[in-house]
Amino acid sequence: MKYAYFPGCKIPHHLPEYGQSVQAMCAALDIELIPLEFSCCGWPMRHENELASIYAAVRNFVIANDAGLPIFTPCKCCFGHLKYAESRLAENADIAAQVRELLARDGLSFSRETAIFHMLTVLDEQVGAENLRKRAAKPLTGVKVACHYGCHALRPGNVTNFDDPLAPTVFERLMQAIGADTLDWDLRLECCGYPLRGRDNTISEALMRKKLAGAAASGADVLATACTYCQLQFDRERDALPAGDSARMAPPAVLVSQLVGVALGLDKRELGLDGNHIPWEWSGF
Amino acid sequence: MTFFDIGLSVALVICVAGVGFRVARWRGKWASPESSSASQWCFGVASLKALVLDVLLLARTGRTSAFRWLAHALVFFGFMGLLLFHALDETVTAFFFPAYESTLDPWQFLRNLLGLMTLVGLALMAFRRLWEKRLRDLTRFQDWAALLVIGGIILSGFFLEASKIISPAVFDRMVEAYFIPETDRDVTALKAFWSHEYGVVFSVPYPSDAETLGFGASLNEDSCVDCHADTGTAFVSRSLATALGPVAFAMNTSRADQVFWYLHVLCCFVALAAIPFGKFFHPVTTPVNLVVRQGRRDDPEDMLPSDGGRGMGMDACTRCGECSVHCSVAPAFSVLGNAMILPSEKLMALRQIHAGASLSEATLTAFSEGSRLCTECLRCTEICPAGINLQDLWIASKAQLVSQAPSPNDLMRNKTPSQRARVFDDLCASSVVPAVTGLADDSTSYWACVQCTTCTSVCPVVAVSENPSGDLDLLPQQIMNLLRMGLKEETLGARMVWSCTTCYKCQEHCPQNIRVADVLYELRNTVAARIRDGGVRCSKKGESQ
Numbered sequence: 000m001k002y003a004y005f006p007g008c009k010i011p012h013h014l015p016e017y018g019q020s021v022q023a024m025c026a027a028l029d030i031e032l033i034p035l036e037f038s039c040c041g042w043p044m045r046h047e048n049e050l051a052s053i054y055a056a057v058r059n060f061v062i063a064n065d066a067g068l069p070i071f072t073p074c075k076c077c078f079g080h081l082k083y084a085e086s087r088l089a090e091n092a093d094i095a096a097q098v099r100e101l102l103a104r105d106g107l108s109f110s111r112e113t114a115i116f117h118m119l120t121v122l123d124e125q126v127g128a129e130n131l132r133k134r135a136a137k138p139l140t141g142v143k144v145a146c147h148y149g150c151h152a153l154r155p156g157n158v159t160n161f162d163d164p165l166a167p168t169v170f171e172r173l174m175q176a177i178g179a180d181t182l183d184w185d186l187r188l189e190c191c192g193y194p195l196r197g198r199d200n201t202i203s204e205a206l207m208r209k210k211l212a213g214a215a216a217s218g219a220d221v222l223a224t225a226c227t228y229c230q231l232q233f234d235r236e237r238d239a240l241p242a243g244d245s246a247r248m249a250p251p252a253v254l255v256s257q258l259v260g261v262a263l264g265l266d267k268r269e270l271g272l273d274g275n276h277i278p279w280e281w282s283g284f
Numbered sequence: 000m001t002f003f004d005i006g007l008s009v010a011l012v013i014c015v016a017g018v019g020f021r022v023a024r025w026r027g028k029w030a031s032p033e034s035s036s037a038s039q040w041c042f043g044v045a046s047l048k049a050l051v052l053d054v055l056l057l058a059r060t061g062r063t064s065a066f067r068w069l070a071h072a073l074v075f076f077g078f079m080g081l082l083l084f085h086a087l088d089e090t091v092t093a094f095f096f097p098a099y100e101s102t103l104d105p106w107q108f109l110r111n112l113l114g115l116m117t118l119v120g121l122a123l124m125a126f127r128r129l130w131e132k133r134l135r136d137l138t139r140f141q142d143w144a145a146l147l148v149i150g151g152i153i154l155s156g157f158f159l160e161a162s163k164i165i166s167p168a169v170f171d172r173m174v175e176a177y178f179i180p181e182t183d184r185d186v187t188a189l190k191a192f193w194s195h196e197y198g199v200v201f202s203v204p205y206p207s208d209a210e211t212l213g214f215g216a217s218l219n220e221d222s223c224v225d226c227h228a229d230t231g232t233a234f235v236s237r238s239l240a241t242a243l244g245p246v247a248f249a250m251n252t253s254r255a256d257q258v259f260w261y262l263h264v265l266c267c268f269v270a271l272a273a274i275p276f277g278k279f280f281h282p283v284t285t286p287v288n289l290v291v292r293q294g295r296r297d298d299p300e301d302m303l304p305s306d307g308g309r310g311m312g313m314d315a316c317t318r319c320g321e322c323s324v325h326c327s328v329a330p331a332f333s334v335l336g337n338a339m340i341l342p343s344e345k346l347m348a349l350r351q352i353h354a355g356a357s358l359s360e361a362t363l364t365a366f367s368e369g370s371r372l373c374t375e376c377l378r379c380t381e382i383c384p385a386g387i388n389l390q391d392l393w394i395a396s397k398a399q400l401v402s403q404a405p406s407p408n409d410l411m412r413n414k415t416p417s418q419r420a421r422v423f424d425d426l427c428a429s430s431v432v433p434a435v436t437g438l439a440d441d442s443t444s445y446w447a448c449v450q451c452t453t454c455t456s457v458c459p460v461v462a463v464s465e466n467p468s469g470d471l472d473l474l475p476q477q478i479m480n481l482l483r484m485g486l487k488e489e490t491l492g493a494r495m496v497w498s499c500t501t502c503y504k505c506q507e508h509c510p511q512n513i514r515v516a517d518v519l520y521e522l523r524n525t526v527a528a529r530i531r532d533g534g535v536r537c538s539k540k541g542e543s544q
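Protein sequences, first through last, are from chains P and B. According to numbering that gives the first Met the number 0, the first sequence is numbered sequentially starting from 0. According to numbering that gives the first Met the number 0, the second sequence is numbered sequentially starting from 0.
What follows is the structure in structure tokens.
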């Protein structure tokens, strides 16, 4: 299993522990990640200019195609936007023509389709829940995990084709495979609020608090995330709240790659668990 | 005072004054949060390592591109060698080698080698700037000026040496000063030898029989070799002299050796005086920045008091353009054409902002867009061969910009409710502004909308608001309704458009398959496009009327 590794822009500076844990987990599961010099997926530009955002995505398709590899990304916003660009190219000949012209100007060309995978899909389909169960040397028995899906992979379902957009199961299946108990909580498909950071911090924070309160009320020990932005919201942004704020006491957000890594028996430093700002008490697990 | 002394003094004064001015400007206008007064100017092992690896061996340059390392190393080692052992020969070379004469080997040979290395390096640099499309677009006058001035020094040096090789006037001067002929035959024989062996071009031909040349060789052995190696070891200049054969006579009569001496010295003075300007400054600042900061990204405020570390960092930019070649959001530059999306260009404007200069509204708007599009992916910072903490500069400047050049989001959000209602007046569409056309302009996009309010009822933003119509102005289904009626302008200022979290629940749940979230994205694009293309603000329209 060999993929072009697409970490996205935020991991290197803002969330290095995600990159670290993804690399460690994939190495342990024999998923080979090839680093290529990708550009931005284009999602952050979509607020400003759709064509720029689609062109950025397509350039990445060209880079992956040249290497002959499918794209593997741990970020749901990157995943969602790459899929969006793919669908826009297919449905709108006008945009496709503009993109081809831009590519030609930069001396590039684009021929075949690029396979785009989110990490959860790779874990589910390539590794497989059963296989994961067998390899879990230290299963997370008794840990109650609230899975946070992340909007941009789920919706619009007809664009992303990630899972059932109204009743997805992939995240829970993987968590159960590593021995954790999963919770059926109301807000698992709701937005984390991060996309509004810097644009409307009041609503962004309100969305975060609502979500954290929901996870706490469901009795979760851990809020599992599988997206760079969701984790930034539930870890970094939450850590900016004043000491003693109730939201700080809500279940800590832990990255799916860290949870799987712990179950596989990897070293917690290797998984960047000491990088999480809201510490997971279970990190000594 | 001679021409040389006057020129050198003027160039030195400009250089020293200019460097002083630029260093003084390192203290920026940004307030440093939690700035510590203790500056950490300690020269430790890390500094020494940076000095050897990054400054002397150009290790940071080599990390991104072997080609650029080769080009830069050729120029760096070539030019530094010439500077120390040729320009400063009386101080440096003569100090280490008391028997030094510039026309003896190995010096004569090394001078040619170092000059050739520099020229090849400069050619590679020019090639890179022309070959790499993005770099070609970004290259400015100062980039070519730096290549031309350094190239001018080397080329004029080679021409100077070549014109001296062929010059009978220079030969005669030396003979007069250092050769005591016993008979006229002595001078003839020596001239014959130098003409045939060392390339001097006399106005009349000298005999080339073996006897005369043999005698000339022995005279040369007795009187010249102590100070003169075979001009053949000056392999570039001698080849150049041979190539100049057809015009040698004209050059000699017009004393080309003196012309090229003035040209060579003048080029050197120009380079010296140019040091405080543009990228000519980087041979000073880049090593300082590398040694002081070693490319570290921690605690920029601690490096120098009063934000000096940032100012120094910005001056260390060599305009090599590696950051812009590898920039993650460069595709946006390809589409929007705003060069300030690229780090190297943004840095130039940032340096002015940091120094307190006021930029034009158009520049600020472009800078603000570049700043917003930056994803802080760290790539430019990791690549920068000068070790500039670009990441810190981007993050710090974003905070500074909010008030100076508001984003479309801030612009819309900062309006009072009545202003927002008139937003279509304020940001008036103009025929010169290419309108963003798409779903929102096509009322058939909403034909199927039955105003069932599903979009609004599933919206998490509406759900967390205690007073949705107050906080958000319009609810999703109301926006769809206005668009259906062709009232797009009335929706642009609605806070719902700007506070959409893009979670796509509305679109996913819409029973009529209306692309609610895609439309909201598109409305933001519309405002961004109008601001980008000059805004066509009503205030301006008012003035013109």
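Built from N, CA and C at the ideal position, the CB exists for glycine as well.
*According to DSSP, is residue 2 (chain P) helix, strand or coil?*
For the purposes of this step, residue 2 (chain P) is taken as residue 3 along the first sequence, with counting starting at 1. Residue 2 (chain P): strand per DSSP, three-state reduction.
*asked:* Give me the subset of the region 493–509 of chain B whose CB atoms are less than 7 Å from a CB atom of chain D, sorted by chain position.
replied: As a matter of chain content, chain D is missing from the structure shown, whose protein chains are P and B.
*State whether the region 396–405 of chain B contacts the region 364–376 of chain B, with contact taken as three or more CB pairs (one from each stretch) at a distance under 8 Å.*
With a cut-off of 8 Å on Cβ pairs, the region 396–405 of chain B is in contact with the region 364–376 of chain B, counting three or more such pairs.
*Would you list, in chain order, the members of the region 185–209 of chain P that have their beta-carbon closer than 7 Å to a beta-carbon of chain B?*
189, 190, 192, 194, 195, 198, 199, 202, 205, 206, 209
*CB-CB under 7 Å to residue 138 (chain P), same chain, minus the five flanking residues each way: which ones, in chain order?*
Taking the first residue of the first sequence as position 1, residue 138 (chain P) is located at position 139. Excluding residues within five positions, the ones whose Cβ falls inside 7 Å are 177, 178, 262.
_Going by the DSSP bridge assignment, what does residue 71 (chain P) pair with across the sheet?_
For the purposes of this step, residue 71 (chain P) is taken as the residue at position 72 of the first sequence. For residue 71 (chain P), which the question treats as bridged, DSSP gives the partners P:4, P:116.
*List the endpoints of the continuous beta strand (DSSP E) containing residue 34 (chain P).*
Locating residue 34 (chain P) in the first sequence gives position 35, counting from the first residue. According to the DSSP assignment, residue 34 (chain P) belongs to the beta strand (DSSP E) that extends over 31–34.
*By Cβ distance below 6 Å, which residues in the same chain neighbour residue 107 (chain B) in space, the five residues on each side in sequence not counted?*
Reading the second sequence from its first residue, position 108 is the one you call residue 107 (chain B). Correct list, in chain order: 228, 232, 233.
*Near-chain P residues of the region 321–336 of chain B - C-beta to any C-beta below 7 Å*: 325, 327, 328, 329, 330, 331, 333, 334, 335
_Helix, strand or coil for residue 491 (chain B)? Go by DSSP, reduced to three states._
Counted from its first residue, the second sequence places residue 491 (chain B) at position 492. If DSSP states are grouped into helix, strand and coil, residue 491 (chain B) belongs with the helices.
*Bridge partner(s) assigned by DSSP for residue 180 (chain P)*: Position 181 of the first sequence, counting from 1, holds the residue named residue 180 (chain P). P:143, per the DSSP bridge assignment.
_Going by the DSSP bridge assignment, what does residue 252 (chain P) pair with across the sheet?_
By 1-based counting over the first sequence, the position of residue 252 (chain P) is 253. The partner list for residue 252 (chain P) (beta bridge, DSSP) reads P:222.
*At which residues does the alpha helix (DSSP H) containing residue 467 (chain B) begin and terminate?*
Working through the second sequence from its first residue, we reach residue 467 (chain B) at position 468. Start and end: 467–471.
_For residue 13 (chain B), which residues in the same chain have their Cβ closer than 7 Å to its Cβ, ignoring the five residues on either side in sequence?_
Here residue 13 (chain B) refers to the residue found at position 14 when the second sequence is read from its first residue. Excluding residues within five positions, the ones whose Cβ falls inside 7 Å are 272.
_Cα-Cα separation between residue 163 (chain B) and residue 247 (chain B), rounded to whole angstroms_ = Taking the second sequence and counting its residues from 1, the one referred to as residue 163 (chain B) is at position 164. Taking the second sequence and counting its residues from 1, the one referred to as residue 247 (chain B) is at position 248. C-alpha separation (whole angstroms): 11 Å.
*Going along the chain, which residues of its own chain have a beta-carbon closer than 6 Å to the beta-carbon of residue 10 (chain B), five neighbours each way excluded?*
The count along the second sequence starts at 1 and reaches residue 10 (chain B) at position 11. The residues are 268, 271, 272.
*Within chain B, the residues that residue 81 (chain P) reaches when beta carbons sit closer than 8 Å*: Position 82 of the first sequence, counted from the first residue, corresponds to residue 81 (chain P). Going along chain B, no residue has its Cβ under 8 Å from residue 81 (chain P), so there is no contact; the nearest lies around 13 Å.
*Tell me, please, whether the region 125–143 of chain B touches the region 328–347 of chain B by the rule of three or more beta-carbon pairs shorter than 8 Å.*
yes
_Span separating the alpha-carbon of residue 101 (chain P) from that of residue 125 (chain P)_ = One-based indexing of the first sequence puts residue 101 (chain P) at position 102. One-based indexing of the first sequence puts residue 125 (chain P) at position 126. Those two C-alpha atoms are separated by around 35 Å.
*Taking the alpha-carbon positions, what's the residue 224 (chain B) to residue 217 (chain B) distance?*
The residue labelled residue 224 (chain B) in the question sits at position 225 within the second sequence. The residue labelled residue 217 (chain B) in the question sits at position 218 within the second sequence. Their Cα atoms are separated by approximately 10 Å.
*Does the pairing of the region 138–157 of chain P with the region 496–503 of chain B give three or more beta-carbon distances under 8 Å?*
yes
*asked:* Any beta carbon from chain P within less than 7 Å of residue 547 (chain B)'s own beta carbon?
replied: Nothing can be reported for residue 547 (chain B): it is not among the residues displayed for chain B, which extend from 0 to 544.
*What three-state label does DSSP hand residue 99 (chain B) in the structure shown?*
Locating residue 99 (chain B) in the second sequence gives position 100, counting from the first residue. In this structure, residue 99 (chain B) counts as coil in the three-state DSSP scheme.
*asked:* Strictly under 7 Å for the Cβ-Cβ distance: is residue 454 (chain B) near chain P by that measure?
replied: Reading the second sequence from its first residue, position 455 is the one you call residue 454 (chain B). No, no contact with chain P.
_Check whether chain P comes within 7 Å of residue 373 (chain B), counting only Cβ atoms and requiring the distance to be less than that._
By 1-based counting over the second sequence, the position of residue 373 (chain B) is 374. For residue 373 (chain B), the answer is no, since every Cβ of chain P falls outside 7 Å of its Cβ.
_Length-filtered (4 minimum) alpha helix (DSSP H) runs lying within the region 307–390 of chain B_ = 307–314, 321–325, 329–335, 342–353, 360–372, 378–382
*Grouping DSSP H, G and I as helix and E and B as strand, with all else coil, what is residue 174 (chain P)?*
Indexing the first sequence from 1 puts residue 174 (chain P) at position 175. In this structure, residue 174 (chain P) counts as helix in the three-state DSSP scheme.
*Taking all protein chains shown into account, decide if residue 264 (chain P) is buried (16 or more other Cβ within 10 angstroms of its Cβ) or exposed.*
As a working note, residue 264 (chain P) is residue 265 in the first sequence. Residue environment for residue 264 (chain P): exposed (fewer than 16 other C-beta atoms within 10 angstroms of its C-beta).
_If you measure between the beta carbons of residue 146 (chain B) and residue 122 (chain B), is that distance less than 7 Å?_
Along the second sequence, read from residue 1 onward, the residue named residue 146 (chain B) stands at position 147. Along the second sequence, read from residue 1 onward, the residue named residue 122 (chain B) stands at position 123. No, these two residues do not count as a Cβ contact at 7 Å.
*Mind checking if residue 97 (chain B) is an interface residue toward chain P, Cβ cutoff 7 Å exclusive?*
Taking the first residue of the second sequence as 1, we reach residue 97 (chain B) at position 98. Judged by the 7 Å Cβ criterion, residue 97 (chain B) is not in contact with chain P.
_Counting beta carbon pairs with one atom in the region 71–83 of chain P and one in the region 346–353 of chain B, are three or more of them shorter than 8 Å?_
no
*Rounded to a whole number of angstroms, what is the C-alpha to C-alpha distance between residue 61 (chain B) and residue 316 (chain B)?*
Residue mapping note: residue 61 (chain B) aligns to position 62 of the second sequence, counting from 1. Residue mapping note: residue 316 (chain B) aligns to position 317 of the second sequence, counting from 1. If I take the Cα positions, the gap works out to 16 Å.
*asked:* For residue 206 (chain P), report the span of its alpha helix (DSSP H) as first-last.
replied: As a first step, residue 206 (chain P) must be located in the first sequence, where it is residue number 207. Residue 206 (chain P) -> alpha helix (DSSP H) spans 200–216.
*asked:* Any C-beta of chain P within less than 7 Å: which residues of the region 376–393 of chain B qualify?
replied: Under the 7 Å Cβ criterion, the region 376–393 of chain B contributes 376, 377, 390.
_Taking 7 Å as the threshold (beta carbon to beta carbon), is residue 100 (chain P) in contact with chain B?_
Here residue 100 (chain P) refers to the residue found at position 101 when the first sequence is read from its first residue. Not a single C-beta of chain B is nearer than 7 Å to the C-beta of residue 100 (chain P).
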